[in-house]
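The next block holds one structure in the form of structure tokens; read it before the comments.
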Amino acid sequence: MKRNDTSQQAGNEAAALGIPGLSRRGFVRTAALAAAGVGAAELLNPSQAEATPGAETGTSAGSGPYPAEGMALYSAEGPHRLLKFQRRALGPKDVAIKLQYCGICHSDIHHGREHWRKETFPLVTGHELAGVVVAVGSSVSKFKVGSRVGVGCLVNSCRRCGPCANGMEQYCENGNVFTYGSSDLDDSMTQGGYSTFNVVDEDFVIAVPDAIELAHAGPMMCAGITVYSPLRHWSIGPGRKVGVVGMGGLGHMAVKIASAMGAEVTVLTTSTAKVEDARRFGARTVVVNEPGADLSRHKRSLDFILDTVPYQHDLERLFPLLKLDATLCMVGAGRINEPHQIGPFSLLRSRNAFASSQIGGIRETQEAVNFCALHGIRPEITKVPPSGIDDAWSKVVAKEARYRFVIDVANG
Ligand code: NAP
Ligand code: ZN
Ligand code: ZN
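Mapping to my numbering: the sequence shown position 118 is 118, numbers consecutive.
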């Protein structure tokens, strides 16, 4: 459903979101500012946020509820505009996080532009959060005020099913809670990290090692773990040849991580301009995968392919590169109505497998972040102010990200 920014509808949206404690007056003012396109950068400074009576401000400790400001989409076509809303009051296991950075993942674009499903607007996307803990609930044991933390795609799960019990909350069989656009345990809709503040159960919060700057930590929470998990699952290490298809946010982390694991990496990119970077990140071989390019020289050369391309593309060019019994794992997730095609002979000639993988569990995300700290792996980032999100999205779609845009929430 397409919405506009009239105050009446804005009030309805607040109610639909189930955001407790958000005064209609405050929301109407926010909606009016948003409609006027008022400088989000200034307004995202928490010190200027309009405090809701009875609530602590987002910059200080307290039990909440916490006023937050986010850059929201009000429709699938629209630009990002300011949204003021509230994060829930601290539960015993919750930590309150003042956000400093949030990476821009292509999944945010898929969600925001409704490539995968109908969304509920206004929607604040972002699942590569990094910030500092400013308050903790009474039973929190892993974090304290001042802890540097990250949050990825998950903020809760059933915790009882087999996958949850084994630290694979991303495959929860009873419905996990994603960081945005998801129905939370109290039936409100989660809002993501393009915002100033969040409240998250400590079991879904990742500790950021001292060696990692917060600006670099965000992209590890999704891009990093999404490539780390399948590389581990398919036992990538010394002596194995790994193809990475698409060198954007996920792909460039895959090159660095697979190289650090000891694999020999081949990058397949559509961008000639990225060839040198690919080598700098650790690739031994770089193939420019343009239409009509001859890939026969690389036939049956790879033990594993990690495909990060976000839209429908020709897989028939890639399968012949796999050795006997090798797997192509697709982590890119294109438009729901444009599925990939796999011919009847594509996999049988070398008993190949086509597989996929979704982010990673909380334990493994911590492991991935620690791995990056240990091996000196950092994402290549470009900081953008909150007012620059729309421009950054356009550049990501145009394959111009080098290699992850990170929203500088605190210094917008
Ligand atoms: P990204 O930064 O935009 O990188 C994607 C790269 O794919 C581009 O840089 C480009 O690399 C290549 N590409 C080839 N054809 C393209 C096209 N038509 N349009 C855009 N890029 C094209 O995206 P990302 O953030 O890494 O995410 C990649 C995909 O993974 C998305 O679909 C995202 O939703 C998905 N994802 C999945 C999971 C999961 O759990 N499975 C988690 C996170 C993200 P070259 O220039 O090198 O060709
Ligand atoms: Zn992501
Ligand atoms: Zn579960």
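Ideal Cβ placement from N, Cα and C applies to all residues, glycine included.
Cα-Cα separation, residue i to residue j
| i | j | result |
| --- | --- | --- |
| L295 | S229 | 28 Å |
| A68 | P310 | 31 Å |
| N156 | F204 | 7 Å |
| E290 | T270 | 5 Å |
| V396 | I236 | 28 Å |
| N174 | S182 | 13 Å |
| R351 | D314 | 19 Å |
| R378 | L214 | 11 Å |
| G26 | G150 | In this prediction, G26 scores a pLDDT of 30, lower than 50, which makes its location untrustworthy; no coordinate-derived value is stated. |
| P386 | S301 | 44 Å |
| K274 | E367 | 29 Å |
| G70 | P122 | 10 Å |
| A392 | R81 | 14 Å |
| I407 | I305 | 30 Å |
| T414 | G218 | This structure cannot speak to residue 414, because the chain is shown only from 1 to 412. |
| F421 | W234 | Here the chain has residues from 1 to 412 only, and residue 421 is not among them. |
| V208 | P163 | 25 Å |
| R402 | M247 | 9 Å |
| R284 | V267 | 8 Å |
| G37 | E169 | Note on G37: pLDDT 30, under 50, position unreliable in the model; no value is reported. |
| H110 | V177 | 18 Å |
| P243 | K84 | Rather than Pro, the amino acid found at residue 243 in this sequence is Gly. The alpha-carbon atoms of G243 and K84 are separated by roughly 43 Å. |
| D184 | A72 | 18 Å |
| R297 | E114 | 39 Å |
Residue interval of the beta strand (DSSP E) (run including residue i)
| i | result |
| --- | --- |
| F204 | Segment: none, F204 is in no beta strand (DSSP E) and carries neither H nor E. |
| K323 | L322 to M330 |
| P92 | Here P92 belongs to no beta strand (DSSP E), and DSSP marks it neither H nor E. |
| P67 | Y66 to L73 |
| A355 | A353 to S356 |
| T285 | T285 to V288 |
| L348 | Run containing L348: none; DSSP gives neither H nor E here. |
| D307 | L302 to D307 |
Residues that DSSP places opposite residue i in a beta bridge
| i | result |
| --- | --- |
| Y101 | A130 and D408 |
| G248 | In DSSP, G248 forms no bridge with anything. |
| K383 | V406 |
| F178 | L154 |
| M189 | S183 |
| S195 | G70 |
| G243 | T266 and I305 |
| K84 | E69 |
| R148 | V132 |
| V140 | In DSSP, V140 forms no bridge with anything. |
| V200 | V95 |
| L214 | None; L214 has no bridge partner. |
| L123 | L73 |
Terminal residues of the alpha helix (DSSP H) in which residue i lies
| i | result |
| --- | --- |
| E264 | Premise fails: E264 lies in the beta strand (DSSP E), E264 to T269, not in any alpha helix (DSSP H). |
| N337 | Element bounds for N337: n/a, residue is neither H nor E. |
| G162 | G162 to A165 |
| N156 | N156 -> not in any alpha helix (DSSP H); beta strand (DSSP E) instead, spanning L154 to N156. |
| V369 | I362 to H375 |
| D277 | V275 to F281 |
| I359 | From DSSP, I359 is part of no alpha helix (DSSP H); its letter is neither H nor E. |
| S107 | H106 to G112 |
| D390 | I389 to V397 |
| T226 | I225 to H233 |
Exposure label - residue i; buried when at least 16 CB within 10 Å
| i | result |
| --- | --- |
| S356 | exposed |
| V227 | buried |
| I104 | buried |
| V145 | exposed |
| E276 | exposed |
| R404 | buried |
| L374 | exposed |
| T120 | exposed |
| K118 | exposed |
Identity of the residue in the options nearest residue i by Cα
| i | options | result |
| --- | --- | --- |
| I389 | H106, I97 and R88 | H106 |
| I359 | G152, G78 and R88 | G152 |
| G343 | R279, H80 and A353 | A353 |
| A410 | D303, K84, D108 and V132 | V132 |
| L328 | T120, L347, A283 and A207 | L347 |
| V199 | K98, R148 and L321 | K98 |
| V245 | P238, S394, L322 and N166 | L322 |
| D186 | K118, R88 and D94 | R88 |
| K399 | F371, K256, F345 and H252 | H252 |
| G193 | G292, I336 and C222 | C222 |
| P320 | K299, D303, E77 and S188 | K299 |
| S147 | V134, S138, L154 and S139 | V134 |
| V331 | I225, T179, Q100 and L129 | I225 |
| L324 | H340, L318, I336 and D303 | D303 |
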